[in-house]
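In what follows, a single structure is set out as structure tokens and then discussed.
Protein chains: 2
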Amino acid sequence: MKAYGQMNTEELLALKEELTAEFEDIKSRGTSMDMSRGKPGEDQLALSMGMLDVLDSSSDMKSQGTDTRNYGQMDGLLEMKKLLADMVETDPENVIVYGNASLNIMFDTVSRSMTHGVMGSTPWCRLDRVKFLCPVPGYDRHFSITEYFGIEMIPVEMTENGPDMDTVEKLVEGDEAVKGMWCVPKYSNPQGYTYSEETVRRLAAMKPKAADFRIYWDNAYAVHHLYGEKERQDWLPDILALCKEAGNPDMVYEFVSTSKVTFPGAGVCMAASSEANRKEFLRHLQIQTIGHDKVNQLRHVRFLRDMDGVREHMKKQGELTLTRFEAVWKLLESELGGLGIGTWTYPRGGYFISFEAMDGCARAIVAKAKEAGLTLTPAGSSFPYKKDPKDSNIRIAPTYPSVEELQLAGRVFVLSVKLVTIDKLLENK
Amino acid sequence: MKAYGQMNTEELLALKEELTAEFEDIKSRGTSMDMSRGKPGEDQLALSMGMLDVLDSSSDMKSQGTDTRNYGQMDGLLEMKKLLADMVETDPENVIVYGNASLNIMFDTVSRSMTHGVMGSTPWCRLDRVKFLCPVPGYDRHFSITEYFGIEMIPVEMTENGPDMDTVEKLVEGDEAVKGMWCVPKYSNPQGYTYSEETVRRLAAMKPKAADFRIYWDNAYAVHHLYGEKERQDWLPDILALCKEAGNPDMVYEFVSTSKVTFPGAGVCMAASSEANRKEFLRHLQIQTIGHDKVNQLRHVRFLRDMDGVREHMKKQGELTLTRFEAVWKLLESELGGLGIGTWTYPRGGYFISFEAMDGCARAIVAKAKEAGLTLTPAGSSFPYKKDPKDSNIRIAPTYPSVEELQLAGRVFVLSVKLVTIDKLLENK
Chain A
1 MKAYGQMNTE
11 ELLALKEELT
21 AEFEDIKSRG
31 TSMDMSRGKP
41 GEDQLALSMG
51 MLDVLDSSSD
61 MKSQGTDTRN
71 YGQMDGLLEM
81 KKLLADMVET
91 DPENVIVYGN
101 ASLNIMFDTV
111 SRSMTHGVMG
121 STPWCRLDRV
131 KFLCPVPGYD
141 RHFSITEYFG
151 IEMIPVEMTE
161 NGPDMDTVEK
171 LVEGDEAVKG
181 MWCVPKYSNP
191 QGYTYSEETV
201 RRLAAMKPKA
211 ADFRIYWDNA
221 YAVHHLYGEK
231 ERQDWLPDIL
241 ALCKEAGNPD
251 MVYEFVSTSK
261 VTFPGAGVCM
271 AASSEANRKE
281 FLRHLQIQTI
291 GHDKVNQLRH
301 VRFLRDMDGV
311 REHMKKQGEL
321 TLTRFEAVWK
331 LLESELGGLG
341 IGTWTYPRGG
351 YFISFEAMDG
361 CARAIVAKAK
371 EAGLTLTPAG
381 SSFPYKKDPK
391 DSNIRIAPTY
401 PSVEELQLAG
411 RVFVLSVKLV
421 TIDKLLENK
Chain B
430 MKAYGQMNTE
440 ELLALKEELT
450 AEFEDIKSRG
460 TSMDMSRGKP
470 GEDQLALSMG
480 MLDVLDSSSD
490 MKSQGTDTRN
500 YGQMDGLLEM
510 KKLLADMVET
520 DPENVIVYGN
530 ASLNIMFDTV
540 SRSMTHGVMG
550 STPWCRLDRV
560 KFLCPVPGYD
570 RHFSITEYFG
580 IEMIPVEMTE
590 NGPDMDTVEK
600 LVEGDEAVKG
610 MWCVPKYSNP
620 QGYTYSEETV
630 RRLAAMKPKA
640 ADFRIYWDNA
650 YAVHHLYGEK
660 ERQDWLPDIL
670 ALCKEAGNPD
680 MVYEFVSTSK
690 VTFPGAGVCM
700 AASSEANRKE
710 FLRHLQIQTI
720 GHDKVNQLRH
730 VRFLRDMDGV
740 REHMKKQGEL
750 TLTRFEAVWK
760 LLESELGGLG
770 IGTWTYPRGG
780 YFISFEAMDG
790 CARAIVAKAK
800 EAGLTLTPAG
810 SSFPYKKDPK
820 DSNIRIAPTY
830 PSVEELQLAG
840 RVFVLSVKLV
850 TIDKLLENK
């Protein structure tokens, strides 16, 4: 098939007619499909059902002396700290175990900085301007938090090696209003890129203008590899150790959860950071809550056991995810390959494939797909203020539908891309 | 035995010698006892172990169509809403289900008011003065929250019918800086008083000077009766309904949890309020988190079933608590009765007995008890800024020790009261 850009008006119109017929046919079936969020599929959830068997009324509910059923042990069970630390390859001493959602810790941390500042700095709510760097495309829910608190978001271009570090360094080291930076450093949302060692080292070595500048290191997909073989997995250095080495021990808050290891909503999450930062987290936490769910922590450690257990579990999950990613890739390649109307990423882990349409087409493609019953993440979501300046990025989330559903959903997607692009090309003729 | 106030110096000194001998004897045993917090005992926790059997790997994990293992249903399972609403006798429609700790909702609500105001009001962090009314003695962790946010706390005297309403009305209706009021309306912490219907009606009918004034109605002990017979239980009207009737639909946030029904830390909690307030809660929640633990909600509804289930469960718990309360009362009566050196409350539910020592003695009594290995709640804790103006109130929390341990702990307590009071009386001779 000829690249669309080389077709003349007649060819494009003929193609449009043909594709429209196919599109209308699918549309008439009235199917409802969802590829909008990074949501585990049923088969993936089934892998964790054994977690419901590890505790029953005859169980020993103690963890290293702590009765998990009662108050106490605000910072979490030792064995849970160990497991979560191992997942991100950091020291268990760095860890505070929280509740069910790492997003909640990030929100609360921003909120605390607004009302109480960071380690004695002026509370951000009293400052005229507070800015966060936002690698783009990025995770929409990060951007929602900073938007909610009126924090100005500065987009920084992502590359395959992480955010454009020249820009990051210039902004962080030159502007005292820059107080934070969002990062999904491994299998990034939505592109699936992993920060290179050089990027991580440069981040760790920055000399921020603001003493209360912090990197929000959301290591959400730390163990979410598509492939079981180690050499086909991405690796990320322990930024906390690198920061310490570089004389910046307090510059990073790291987050991870088991939301996409066991059950979303019924998982366990953590924050890892320096001793001084942990003290500040705990001072706040002791006022905020009576402690987190230690029974669920116990359930997790009894079920997952240790990193071998996690690896074994995630290998099965990776296989299920890979099947879906491959189904999408196959369709994209066979249907869009060589047409010059879109590119997409090939991550080795995580939950998403990032699709780059022709400039100015993303919003229309998402709307078109919706017509035929396919819900995609709203275009622009991966950008601050939901504004994609090029209107080209679409996040594909293939984990929830079954492979069968994906076939149809994928068809709707490629048809939508084609039809919208043709219209765009015709407009420009 | 003669009242201490009528003894002369000689008598007091002789008594002191005798009591000191007994005190030193216990002290020499080196026992460690804890009556400092409202913490369930082992036998009470055992009552909920069946909750670990209701879900296993073969369970249907759906609740009215919702897969509890996945994202979604931000405001909680319908059946959980119903159960929590029934516990406080309000409409399930009023309810948003949260995580494991109602204290956390209260904290977050104050925090949100600081950063975002209340329904469009000026964010409290931009105001010069924000005040909360604090019925005293009250719950220390409420006061810690308001202190943490720099909110000025105004103590209001508690009576057996609730806070002194003349004062409350005057302050709420006369001062725009008064933005909130802490209440534990049923089996109050620490006295165990329940607000009378008249008190609740007067609260509901107030005309606050500040449009963003809210009552924080912490109905923590709603179902925590000591006695199974209905006529021996306290009853509290549904303040949300009364507020609506009085034209103040948005004035109250109500909170409750199962922390002391099932497992502290592994329970489920809620906020109940008007539609407009719930909208504001949810707008915040959708940014703050990906949702709460619905698997634990399912576990709770499968285990407790309905209000009959809750009543049956809490009847057993009440029996265990009552045995402990009775052990304490018996000791107080036989050892302190008629001496004129202390009074105490006889609640019909909740977790605490409140003890009033002679003015100026509470701090010294707590310190004295500590000498012999008994940890009590620090004196002053039940007051804003931890300052009991009369230094007379001590909170007794008898639920954690066994009845056997309570015998010894109780002896230490009464000996400490006696010895400290004698010193006080001698000082004043």
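From first to last, the protein sequence lines are chains A and B. The first sequence: position 85 = 85 (our numbering), numbered continuously. The second sequence: position 376 = 805 (our numbering), numbered continuously. A virtual CB, placed ideally from N, CA and C, is assigned to each residue, including glycine. These numbers were taken from a predicted model, which means no experiment stands behind them.
Check, Outcome
"Beta carbon of Y527(B) nearer than 7 Å to that of C698(B)", "yes"
"Segment limits, beta strand (DSSP E) that includes T159(A)", "152-159"
"Beta-carbon spacing of D250(A), S274(A) below 7 Å", "yes"
"Assigned secondary structure, W235(A) (DSSP; H/G/I helix, E/B strand, else coil)", "coil"
"For Y385(A), the first and last residue of its enclosing alpha helix (DSSP H)", "No alpha helix (DSSP H) contains Y385(A), which DSSP labels as neither H nor E."
"Listed by chain order, chain A residues near N875(B) by CB distance under 8 Å", "Outside the shown range of chain B (430 to 858) lies residue 875(B), about which nothing can therefore be said."
"Cβ-based neighbour list, M114(A), same chain, cut-off 6 Å, excluding 5 preceding and 5 following", "W124, C125, F149"
"Residue-level contact to chain A via CB, K745(B), 7 Å cutoff", "no"
"CB contact below 7 Å: C672(B) versus chain A", "no"
"Selection from H292(A), V261(A), R141(A), V110(A) that minimises the alpha carbon distance to K315(A)", "V261(A)"
"Which of helix, strand or coil DSSP assigns to G340(A)", "coil"
"Minimum Cβ-Cβ distance from M736(B) to chain D less than 7 Å", "The structure shown contains no chain D; the protein chains it does contain are A and B."
"Any chain A beta carbon closer than 7 Å to T804(B)", "no"
"Partners in chain B for I287(A), counting only beta-carbon separations shorter than 7 Å", "F536, S573, I574, Y577"
"Start-end ranges of the alpha helix (DSSP H) lying completely within the segment 265-304 of chain A, minimum 4 residues", "275-288, 294-304"
"Check whether Y616(B) and Y650(B) have beta carbons under 7 Å apart", "yes"
"Selection from Y139(A), V414(A), R29(A) that minimises the alpha carbon distance to Y385(A)", "Y139(A)"
"Nearest-angstrom beta carbon gap, F642(B) and V607(B) [assumed within contact, 8 Å]", "6 Å"
"Helix, strand or coil at P361(A) according to DSSP, with G and I counted as helix", "Just to set this straight, residue 361(A) is Cys in the shown sequence, not Pro. It is coil, neither helix nor strand."
"Short CB-CB distance (under 7 Å) between K723(B) and chain A", "yes"
"Helix, strand or coil at V685(B) according to DSSP, with G and I counted as helix", "strand"
"Candidates L474(B), G505(B), D496(B): closest to M61(A) by CA position", "L474(B)"
"Local Cβ density within 10 Å of D128(A), reported as buried at 16 or more and exposed below that", "exposed"
"Member of L332(A), G338(A), K131(A), I341(A) whose CA lies at the smallest distance from the CA of I353(A)", "L332(A)"
"Secondary structure of G72(A), DSSP reduced to three states", "coil"
"Contact list for the segment 115-139 of chain A against chain B, Cβ threshold 9 Å", "T115, H116, P123, C125, R126"
"Beta-carbon proximity of I770(B) to Y433(B), cut-off 7 Å", "yes"
"Contact list for D56(A) against chain B, beta-carbon separation under 7 Å", "L481, D482"
"A796(B) versus W773(B): straight-line alpha-carbon distance, rounded", "19 Å"
"Rounded separation between G38(A) and P92(A) - CA only", "28 Å"
"Short-range partners of chain A found in the segment 519-533 of chain B, where Cβ spacing is below 7 Å", "G528, N529, A530, L532, N533"
"Residue burial classification, G767(B) (beta-carbon count within 10 angstroms, cutoff 16)", "exposed"
"Below-7 Å beta-carbon distance, I290(A) vs any chain B residue", "yes"
"Boundaries of the beta strand (DSSP E) in which L803(B) is found, first to last residue", "803-805"
"Coil, strand or helix - F132(A) by DSSP", "strand"
"Pair within 7 Å by beta-carbon distance, T321(A) and S36(A)", "no"
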